[in-house]
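2 protein chains.
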Amino acid sequence: MKLELAASQLESLGNPTRLRLYRALVRAGVDGLPVGGLQQKLNIPASTLSHHCRKLIDAGLVTQERIGTTLICRANYKAMTSLVGYLADECCADGACEERRETAEA
Amino acid sequence: MKLELAASQLESLGNPTRLRLYRALVRAGVDGLPVGGLQQKLNIPASTLSHHCRKLIDAGLVTQERIGTTLICRANYKAMTSLVGYLADECCADGACEERRETAEA
DNA sequence: AAGATATTTCCAAAATCATCGAAATATCGA
DNA sequence: TCGATATTTCGATGATTTTGGAAATATCTT
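Here is the structure:
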């Protein structure tokens, strides 16, 4: 994963409203939630919600599927998994860390 | 973990410069890096760097320890661990998810 | 106490972000 | 095709963020 992508994903989650939005989708699982359902849950104006959705979609953390007039939003778990991996990897690559020390001592 | 805290941590990592900074500290491990060392690695003005450090410290993701005139910065792994935990938990609490299905099927 | 080094704080400018009403667009069903 | 529902785009405004030079602060050494 490229640093720029990771940063844009973190930034998109780094807003309380968007984090609530994303978590609502995580909670919803594979069924996802329509934009309207999100609006009710979050209790914010439609246009504001739409902007927040767009940010998460642009960052690749959320996907949408149109079913008739409604748009179903879903958390993109694959993206989150690689983001978390990116945050964890390279731990202590340049120096010591407790886990490494334990490994080295063993 | 409270949503507001998670959001502030994600926001603080959601800037490319700060993410590079944080990752440099992760790479450095328990030894950490002095602010001056970070400045050389990132090649940015001292005042800009100081602002970014502050944000990460305020978010709880970085700690500092003064040794004489130099300030050693370190990644706060505990904070990162709970942030990652926060992102992962509640997965599919309201709906189905593939992993849950597998568990249910088993 | 004075000088040197490391870092922060002050201040201000430019850029970006968040917000939301109103108007526009998309899709369905009759 | 018309009306209804769902959602986005436009456009504008206030708030926040990012940036960095200059001055201030902290600590060590002599």
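Respectively, the protein sequence lines represent chains A and B.
For the first sequence, position 32 (counting from the first letter as 1) is numbered 42 according to our numbering, and the numbering increases by one without interruption.
For the second sequence, position 71 (counting from the first letter as 1) is numbered 81 according to our numbering, and the numbering increases by one without interruption.
Ideal Cβ placement from N, Cα and C applies to all residues, glycine included.
Along the chain, where does the alpha helix (DSSP H) containing residue i start, and where does it finish?
i: A:Leu93; result: Tyr87 to Ala98
i: B:Thr27; result: Pro26 to Ala38
i: A:Gly78; result: Segment: none, A:Gly78 is in no alpha helix (DSSP H) and carries neither H nor E.
i: B:Lys51; result: Val45 to Leu52
Is there a C-beta anywhere in chain A that falls below 8 angstroms from the one on residue i?
i: B:Ala16; result: yes
i: B:Pro26; result: yes
i: B:Val45; result: no
i: B:Met90; result: yes
i: B:Leu97; result: yes
i: B:Ala20; result: Note that residue 20 of chain B is Leu in the sequence shown, not Ala. With 8 angstroms as the cut-off, B:Leu20 counts as an interface residue toward chain A.
i: B:Ala114; result: Residue confidence is low: B:Ala114 scores 41 on pLDDT, short of 50, so the model does not pin down where it sits. Its coordinate-derived value is still stated next. No, B:Ala114 does not count as interfacial toward chain A.
Bridge partners of residue i, per DSSP?
i: A:Ile67; result: Looking at the DSSP assignment, A:Ile67 forms no beta bridge with any residue, so it has no partner.
i: A:Gln74; result: A:Cys83
Is the shortest distance between the beta-carbon of residue i and the beta-carbons of chain B less than 8 angstroms?
i: A:Glu75; result: no
i: A:Val94; result: yes
i: A:Leu29; result: yes
i: A:Leu71; result: no
i: A:Tyr13; result: Sequence check: residue 13 of chain A is Leu here, not Tyr. So yes, A:Leu13 belongs to the interface.
i: A:Leu119; result: An answer regarding residue 119 of chain A cannot be provided, because it is not within the stretch 11 to 116 covered by chain A.
i: A:Leu48; result: no
task: Examine the Cβ distances between the stretch 28-46 of chain B and the stretch 32-42 of chain A and report whether three or more of them are shorter than 8 angstroms.
output: no
- Task: Report yes or no: do the stretch 56-73 of chain B and the stretch 49-61 of chain A share at least 3 C-beta pairs separated by less than 8 angstroms?
- Result: no
(message) Closer than 8 angstroms is the cut-off here; do at least three beta carbon pairs connect the stretch 12-22 of chain B with the stretch 86-98 of chain B?
(response) yes
Check your understanding: Of the residues that make up the stretch 51-69 of chain A, which ones have a beta carbon closer than 9 angstroms to any beta carbon in chain B?
Key -> none
- Examine the Cβ distances between the stretch 64-75 of chain A and the stretch 19-32 of chain A and report whether three or more of them are shorter than 8 angstroms. yes
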